[in-house]
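Take my numbering: the last position of the sequence shown gets the number 1468, and nothing is skipped along the way.
Yeah, the Cβ is synthetic: ideal placement off N, Cα and C, and Gly gets one too.
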Amino acid sequence: MRHIWALSARGRRPEHSNFSDTSHRRGALRVLASGVVDARSRLAPKTEDPVTPLFDMVGMALSGDPVMLRGMAATLGSFSIRLLVALVILAATLWLAGRLGKLAERALSRLPGHHQQADQTLAIFVSTLVKYVVIAIGLVAVLQQLGVQATSVLAVLGAASLAIGLALQGTLGNVAAGVMILLLRPYRAGDRVELNGRQGKVVGMDLFNTKLLDYDGLTLYLPNGKVFGDMIVNISQAGRRRIEIVFGVDYEDDLNVALATLTHLAESDPRVLKQPAPWAKVTAMGDSSVNVTLRCWATPDDWMDTRFDLTKQAKEALEARGLSFPYPHQVVVDRADVRPQAQRTG
């Protein structure tokens, strides 16, 4: 403060001068600005602060002193160089992020078997993730170039990320499950699956949901978190599905005729696979019929229609061979007729 008062004393003019004179006011501002800058340089710690040079330049501009103006020019030049370097780093970061993102997407697109919508979704996700990681690293470098402490910025971003993660816990869980599904590929678009107890065809996938078209014609959007946490049955993966039909024939009928008829019927259907070969066997002895089972295989796409058609054709073929399908029946005994008979025999 003594230094400021000394500078103020040196800048005083005779008392008889008019204080409202413009030159006198400029001199007073020059002295005051010079004192502020000098005091700031003595008292302020020597830290890298991007705001401090701005105060210095304001003080120098107010002073109007040629020496201070030259200092302001030097400070402005130094800050301009740092700003230019920061802009160059930012431009290089954006270019590198776009380049690496495209390379990642192209690399995933060239993987064997890449022809599904899920694979394209995974490629886009990885590409976007690479871009954001590179941009985040570049922004930290830009802030450090401008003199901003990156540790404090990262701490704030970390706290904000934690708060957002807690608020969007369910959504982020679906995203994580979606990434795992895209990586492990338990099913793909077009597969017939059973998810959460519902069967249907997968018609779409993204990071949040799996789009399923069930056999009732309903479109189901299943959250990936629930899908990945439950049992997944892929019907299409094996390329075949078993058909099993049970018929009950009369005890008096010829079982060999029934077995031969069912086997020939399955072998004659072009939708039934040759391997494993169809077969018909006697599988149970019922209360009023002998159970005969026809077992064959078809593709998942033909499974339902083939099963329904074979059921109808088998009934017609067995009836044409003279076989019958007995109805369950019960023997009703009149107790009034039984008692006299019991007394006579006793």
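Taking all protein chains shown into account, do 16 or more other C-beta atoms lie within 10 angstroms of the C-beta of residue i, making it buried, or fewer, making it exposed?
i	result
Val1252	buried
Asn1346	buried
Arg1310	buried
Arg1314	buried
Ile1365	buried
Leu1317	buried
Met1353	exposed
Glu1438	exposed
His1138	Low local confidence applies: a pLDDT of 44 at His1138 is under 50, so the model's placement there is unreliable, with the coordinate-based value given in what follows. The residue in question, His1138, is exposed, as its Cβ has fewer than 16 Cβ neighbours within 10 Å.
Leu1305	exposed
Thr1405	exposed
Pro1167	With a pLDDT of 45 at Pro1167, under the threshold of 50, the predicted position of this residue should be treated as unreliable, though the coordinate-derived value follows. With fewer than 16 Cβ atoms within 10 Å of its Cβ, Pro1167 is classed as exposed.
Met1426	exposed
Ala1226	buried
Ala1229	exposed
Met1407	exposed
Just the Cα atoms here: how many angstroms apart are residue i and residue j?
i	j	result
Arg1429	Arg1443	21 Å
Phe1447	Leu1329	53 Å
Leu1222	Ser1249	8 Å
Arg1363	Met1302	27 Å
Ala1282	Leu1276	10 Å
Val1297	Val1210	35 Å
Thr1273	Leu1261	13 Å
Thr1385	Phe1247	51 Å
Leu1284	Asp1423	47 Å
Ala1208	Leu1268	7 Å
Asn1356	Val1324	10 Å
Val1173	Ala1245	Residue confidence for Val1173 is low, a pLDDT of 49 falling below 50, so the modelled location carries little weight; the figure read from the coordinates is stated next. Their Cα atoms are separated by approximately 43 Å.
Gly1220	Ala1258	13 Å
Ser1200	Thr1293	47 Å
Ala1464	Val1455	Low per-residue confidence applies at Ala1464: pLDDT is 49, beneath 50, and the placement is therefore not dependable enough to give any value.
Ala1263	Val1256	11 Å
Asp1376	Val1394	26 Å
Gln1271	Gly1312	52 Å
Arg1280	Gln1266	Going by the sequence as given, residue 1280 is Gly instead of Arg. Taking the straight line joining both Cα atoms gives about 18 Å.
Leu1344	Cys1418	32 Å
Arg1232	Asp1338	37 Å
Lys1434	Glu1374	23 Å
Leu1216	Arg1204	18 Å
Ala1380	Glu1441	10 Å
Arg1307	Gly1326	13 Å
Leu1212	Gly1295	33 Å
Lys1396	Asn1331	38 Å
Pro1450	Thr1383	23 Å
Asn1378	Ser1410	18 Å
Asp1391	Gly1319	31 Å
Lys1224	Ser1202	33 Å
Val1278	Tyr1254	18 Å
Gln1452	Gly1361	45 Å
Leu1206	Leu1218	18 Å
Leu1165	Ala1214	Per-residue confidence for Leu1165 stands at a pLDDT of 46, beneath the threshold of 50, marking its modelled position as unreliable; the derived number appears in the next sentence. Spanning the two alpha carbons is a distance of roughly 39 Å.
What residue does the beta strand (DSSP E) around residue i start on, and which one ends it?
i	result
Asp1336	1331-1336
Gly1326	1320-1327
Val1349	Premise fails: Val1349 lies in the alpha helix (DSSP H), 1346-1350, not in any beta strand (DSSP E).
Leu1317	1314-1317
Val1355	1354-1356
Is the beta carbon of residue i sitting closer than 8 Å to the one on residue j?
i	j	result
Leu1387	Leu1445	no
Val1412	Val1371	yes
Glu1389	Pro1400	yes
Thr1341	Lys1348	no
Gln1321	Asp1336	yes
Thr1415	Ala1436	no
Phe1350	Ala1299	yes
Could you tell me if the beta carbon of residue i falls within a distance shorter than 7 Å of some heavy atom in the ligand SAM?
i	result
Gly1312	Ligands are entirely absent from the displayed structure, and the ligand SAM is therefore not among its contents.
Open item on the list: Give the list of continuous alpha helix (DSSP H) stretches no shorter than 4 residues that lie fully inside the region 1360-1396.
Closed with: 1377-1390
Open item on the list: Could you tell me which whole beta strand (DSSP E) segments of length 3 or greater appear in the region 1407-1434?
Closed with: 1412-1420
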